[in-house]
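Visitor:
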Ligand SMILES: *[C@@H]1O[C@H](CO)[C@@H](O)[C@H](O)[C@H]1NC(C)=O
Ligand SMILES: *[C@@H]1O[C@H](CO)[C@@H](O)[C@H](O)[C@H]1NC(C)=O
């Protein structure tokens, strides 16, 4: 049902859009050297229109991107060579992981690691509501992929929307959680950043040196992890007979490879939502020790580097008991390439064994 408020907003938007602004000639630089917030616009989708991009701590230095209520308002963004950066935390916006088979979208998030960036071009445009001049961040490409595509937002947990990449030419839509295409708009936050950002102010004056320092750090960590992977690959094939990592010696039984990040009618989005952390040195031991310290009954690893804990999971998330189902949890852990840490939106799920009781993994056939 369309509310009166919606109709009024649509009409006023249409009326004001007629009063178009004048677009200045020339092309804007792909560096923005003042702080800004990123606003989301899609004037036909009022549930997201004019809301802001929030940052949410995802562990291990990663920050995930949401439209509230999840995440923190973020006022100190800059654009360097078309890439959104937050210099205070050393992260930049990249695309990768959590590919959806249903609509072919991929996650947009921020990290200090070397994932391929999302590139934008600042462009003058007229605000669809007010007709005033604004600077939009037009999406150019996901580095390494063909030019084009869109940034979109789709329903996530707790009433939030998460940011995703919609590839060029894509016509697939997930009817249960459509990814709404949006325009990102630069909202300058001025030359007087909040006092909590005083470290940022310091680094602005030396921005070129702080940028090169962080890119050196990224290169170092990437080459280190590549070396580590290469070293251990030779023994991988003899590491484990079963396509999962046994943790019964630590008091946890493996239940199976559980679906994660599904939008199901029971309202659950995450399979385990009690606590989480992410790390470039993730192992199943580290994850289950974390969940154990928190007193949780269930724990599991996902996407190589994430650990999730909880005390229950929805019946819709019960893993299958076929050997074939384990193939979806075949990602090697970032901290031990001999172990499996879930898959792309699949969780290697464990349950705490009763104290003094039997501790036996589920049987797969
Ligand atoms: C943008 O900033 C980067 C980093 O400071 C610099 O290397 C590049 O030349 C700048 N590009 C433009 C078009 O000013
Ligand atoms: C708004 O979102 C819909 C659904 O993704 C899309 O078809 C439309 O082009 C978007 N409009 C704008 C102005 O981005």
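Numbering (mature numbering (1 follows the signal peptide of the UniProt record, and there is no 0)), first residue to last: -19 to -1, 1 to 346.
Backbone N, C-alpha and C fix where the C-beta goes; we use that ideal spot for every residue, glycine too.
Since the model is a prediction, treat every value here as computed from it, not as a measurement.
Going by other Cβ atoms of all chains shown within 10 Å of its Cβ, with 16 needed for buried, is residue 117 buried or exposed?
Guide: Result: buried.
Visitor: With burial defined as no fewer than 16 other Cβ atoms inside 10 Å of the residue's Cβ, what is the status of residue 4: buried or exposed?
Guide: Counting Cβ neighbours within 10 Å, residue 4 comes out exposed, since fewer than 16 surround it.
Visitor: Would you check if there are 3 or more beta carbon pairs closer than 8 Å linking the segment 8 to 19 to the segment 94 to 104?
Guide: Output reads yes: the segment 94 to 104 touches the segment 8 to 19.
Visitor: Near residue 64, which residues of its chain fall below 8 Å by C-beta distance, leaving aside the five closest residues on each side in sequence?
Guide: Answer for residue 64: 73, 74, 98, 99, 100, 101, listed in chain order.
Visitor: Would you give the residue range spanned by the beta strand (DSSP E) that residue 20 belongs to?
Guide: Segment 13 to 22, the beta strand (DSSP E) holding residue 20.
Visitor: Can the beta-carbon of residue 84 be found less than 8 Å from the beta-carbon of residue 160?
Guide: A contact, by the Cβ cut-off of 8 Å.
Visitor: Look at residue 50 and residue 139 and say whether their C-beta atoms are less than 8 Å apart.
Guide: Cβ atoms of residue 50 and residue 139: closer than 8 Å.
Visitor: Could you check the C-alpha separation between residue 223 and residue 310 for me, to the nearest Å?
Guide: About 12 Å.
Visitor: Once DSSP output is grouped into helix, strand and coil, what is the label at residue 140?
Guide: If DSSP states are grouped into helix, strand and coil, residue 140 belongs with the helices.
Visitor: How many Å lie between residue 339 and residue 230 at the Cα?
Guide: Those two C-alpha atoms are separated by around 11 Å.
Visitor: Just how far apart, CA to CA, sit residue 302 and residue 341?
Guide: Rounded to whole angstroms, residue 302 to residue 341 spans 14 Å at the Cα level.
Visitor: In whole angstroms, what is the alpha-carbon distance linking residue 320 and residue 329?
Guide: Distance between the alpha carbons of residue 320 and residue 329: 11 Å.
Visitor: For residue 240, which option in 234, 232, 156, 252 has the closest C-alpha, if you only look at C-alpha atoms?
Guide: Of the candidates 234, 232, 156, 252, the one whose C-alpha sits nearest the C-alpha of residue 240 is 252.
Visitor: Would DSSP call residue 169 helix, strand or coil?
Guide: Three-state DSSP puts residue 169 in a strand.
Visitor: Give a single yes or no on whether residue 61 has its beta carbon closer than 7 Å to a heavy atom of ligand 1.
Guide: Result yes, Cβ under 7 Å from ligand 1.
Visitor: Enumerate, from N- to C-terminal direction, the unbroken beta strand (DSSP E) stretches of 3 or more residues contained entirely within the segment 298 to 346.
Guide: If we require 3 residues or more, the beta strand (DSSP E) runs fully inside the segment 298 to 346 come out as 317 to 321, 327 to 333.
Visitor: Do residue 279 and residue 294 count as a contact pair if the criterion is CB distance below 8 Å?
Guide: Closer than 8 Å, so yes.
Visitor: Nearer than 7 Å: is that true of the beta carbon of residue 162 relative to any heavy atom of ligand 2?
Guide: Residue 162: yes, Cβ under 7 Å from ligand 2.
Visitor: Roughly how many angstroms separate the alpha carbons of residue 323 and residue 88, rounded to a whole number?
Guide: About 17 Å.
Visitor: Can you tell me the Cα-Cα spacing of residue 114 and residue 325, whole angstroms?
Guide: Spanning the two alpha carbons is a distance of roughly 41 Å.
Visitor: Any heavy atom of ligand 4 closer than 7 Å to the beta-carbon of residue 107?
Guide: The model on display carries ligand 1 and ligand 2 but not ligand 4.
Visitor: Check whether the Cβ of residue 39 sits closer than 7 Å to any heavy atom of ligand 2, and report yes or no.
Guide: False, no ligand heavy atom lies under 7 Å from that Cβ.
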